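Here's the structure we're looking at; comments come further down.
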Amino acid sequence: MINMNQSSNESSAVYIHIPFCEHICYYCDFNKVFLEGQPVDEYVDLLIKEMELTAAKGPIAPVDTVFVGGGTPTTLNEAQIARLCTAIQDILPLKKDIEFSFEANPGDLSLSKVQTMQDHGVNRISMGVQSFNNELLKKIGRIHTVKDVYQSVENMRKIGFENVSIDLIFSLPGQKEADFKDTLKQAIDLDLPHYSAYSLIIEPKTIFYNLMQKGKLFLPGQDAEANMYDLLLNEMEKNNRKQYEISNFAKEGFQSKHNITYWSNEHYYGFGAGAHGYIGDTRYSNFGPIKKYMEPLQENQLPTFQQKELTLKEKMEEEMFLGLRKVDGVNKIHFKQKFGQNLDTTFAKAIEKTTAKGWLENNQENVALTRSGRFLGNNVFQEFL
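The sequence shown begins at 1 in full-length UniProt numbering and counts up one residue at a time.
Put into structure tokens, the structure is as follows:
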């Protein structure tokens, strides 16, 4: 059984998973199912029950951030969104200045849906745009168009949403550097406070993976990918969106507090099918298939699939490979307070090797990736495992 107790001075974050999608994108390996024919209302009811059962097991630390992700949370209708958000506020000990985010697809954000979210406490929307090229959007299995992106942003602005983020993906099949430059320009011209941009990763069990196995997927290559990332860093800096993590850029005050919780290796609860959480010393995950997730809850049991208690060594390693994603890196005093060990001594070999290669900067206060190190983050992280 997971120990749900935390020290009284801690705060927590909450991730809530909505696994439904109207269409499955070719690159996506998240836990998701086609919306049609799914027991959506019952799922929302049992998701609420999971929160209630968790709260009954032990006090939940005050919640700083809530992130409703997926799948596609905006496949829920207005009534379902209202029911879920009301339950979140009734069950969880939310702080007054909470960051409450919803992931969204362009095309799902009607005025009434955006109004419903705002009326029920949502104050940040993260929209999966991926590209401003309609042809590329089709190639990667997206069903929205560029026009939908502009309409969604207009609707959010009409309702008064200020805290809006969009996701982009680069190094897409057949993508040229000039195309990504154009996508970046259109994205930045929207003048949003937050942008996330990721290079395409081919994950097993995706349509793209199957195409790659058959030799039918043609990617731009590592040099083009590095050039696109370089362009991204330059354009964001030029337009006053400060990089605060390998793939994330924001105006001051608009950094994603929820994601910073993950990168800082802090505690969070995971609710929903396939959701992960990290409480006390325990990382846990829920059953992924919807039926398997729902069955225990129908019997008033938590739907925990597996859990693992982390050793001190594992916690310190996670602190490094998560924390080094942040531009500020890992703070040495904080590391010592958290683990009772000296960072420079604990990871002496890894630090020496990566600083010698110019990937890592090691000063009195922090250990952080250099600019060139951000291009090779995974190589650096491997050294700390």
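Where is the CB? At the ideal position from N, CA and C, for every residue including glycine.
A quick note: this is a predicted structure, and the numbers were derived from the prediction, not measured.
Grouping DSSP H, G and I as helix and E and B as strand, with all else coil, what is Tyr26?
coil
Ordered list of alpha helix (DSSP H) runs contained in the region 239-316, each at least 4 residues
257-263, 290-298
Under a Cβ-count criterion, where at least 16 other Cβ atoms within 10 Å of its own Cβ denotes burial, should Thr311 be classed as buried or exposed?
By the 10 Å Cβ count, Thr311 comes out exposed.
Among the candidates Gly128, Leu137, Arg83, whose CA atom is the shortest distance from the CA of Met117?
The candidate whose alpha carbon is nearest that of Met117 is Arg83.
Closest residue to His334 among Phe30, Val367, Asp29, Met127 (Cα-Cα distance)
Val367
Can you tell me whether DSSP reads Ala61 as helix, strand or coil?
Three-state result, Ala61: coil.
Residue from Val33, Thr261, Lys308, Gly272 whose Cα sits closest to the Cα of Arg283:
Of all alpha-carbon atoms in Val33, Thr261, Lys308, Gly272, the one lying nearest the alpha-carbon of Arg283 is that of Lys308.
Local Cβ density within 10 Å of Phe218, reported as buried at 16 or more and exposed below that:
exposed
When you compare each of Gly373, Cys25, Glu365, Lys216 to Ala356 by their alpha carbons, which one comes out closest?
Gly373
So what's Asn378 in DSSP terms, helix, strand or just coil?
helix
Let me confirm a value: Phe249 is counted as buried when at least 16 other C-beta atoms fall within 10 Å, else exposed. Which label applies?
buried
Distance between Arg124 and Phe100 (C-alpha atoms, nearest Å)
6 Å
Can you give me the C-alpha to C-alpha distance between Gly215 and Gln298, rounded to a whole angstrom?
So the two alpha carbons sit approximately 45 Å from each other.
Proximity winner among Ile207, Pro204, Gly160, Met236, relative to Ala197 (alpha-carbon distances):
Met236
Among Ser247, Thr206, Asp167, Phe254, the one whose alpha carbon lies nearest that of Pro193:
Checked all of Ser247, Thr206, Asp167, Phe254; the closest Cα to Pro193 is Phe254.
Per DSSP, His120 forms a beta bridge with which residues?
His120 pairs with nothing; no bridge assigned.
According to DSSP, is Phe20 helix, strand or coil?
strand
Out of Met51, Pro19, Glu103, Leu231, point me to the one whose CA is closest to Glu36's CA.
Minimum Cα distance to Glu36 is reached at Pro19.
Excluding the five sequence neighbours on either side, which residues of its own chain have a C-beta within less than 7 Å of the C-beta of Ala350, listed in chain order?
Cβ within range, chain order: Glu383, Phe384.
Need the endpoints of the beta strand (DSSP E) that Val199 sits in, please.
Here residue 199 turns out to be Ser, not Val, going by the sequence shown. Run containing Ser199: 194-199, per the beta strand (DSSP E) assignment.
In whole angstroms, give me the CA-to-CA distance for residue 386 and Leu92.
There is no way to answer for residue 386, as the model of the chain reaches only from 1 to 385.
Straight-line gap, Thr354 to Asn234 (C-alpha atoms, nearest Å):
24 Å
Simplified DSSP assignment, three categories, for Leu35:
coil
Classification of Lys291 by the beta-carbon crowding that lies within 10 angstroms, buried from 16 upward
Counting Cβ neighbours within 10 Å, Lys291 comes out exposed, since fewer than 16 surround it.
Take Phe381 and list the residues in its own chain whose beta-carbon comes closer than 7 Å to its own, dropping the five residues that flank it on each side.
Phe321, Leu324
Can you look up Glu177 in the DSSP assignment and give me helix, strand or coil?
helix
Based on DSSP bridge pairs, tell me the residues matched to Asn366.
Asn331
Less than 7 Å between C-beta atoms, sequence neighbours within five positions excluded: which residues of the same chain meet that for Ser199?
Phe170, Ser171, Glu225, Tyr229
Check whether Val153 and Leu190 have beta carbons under 8 Å apart
yes
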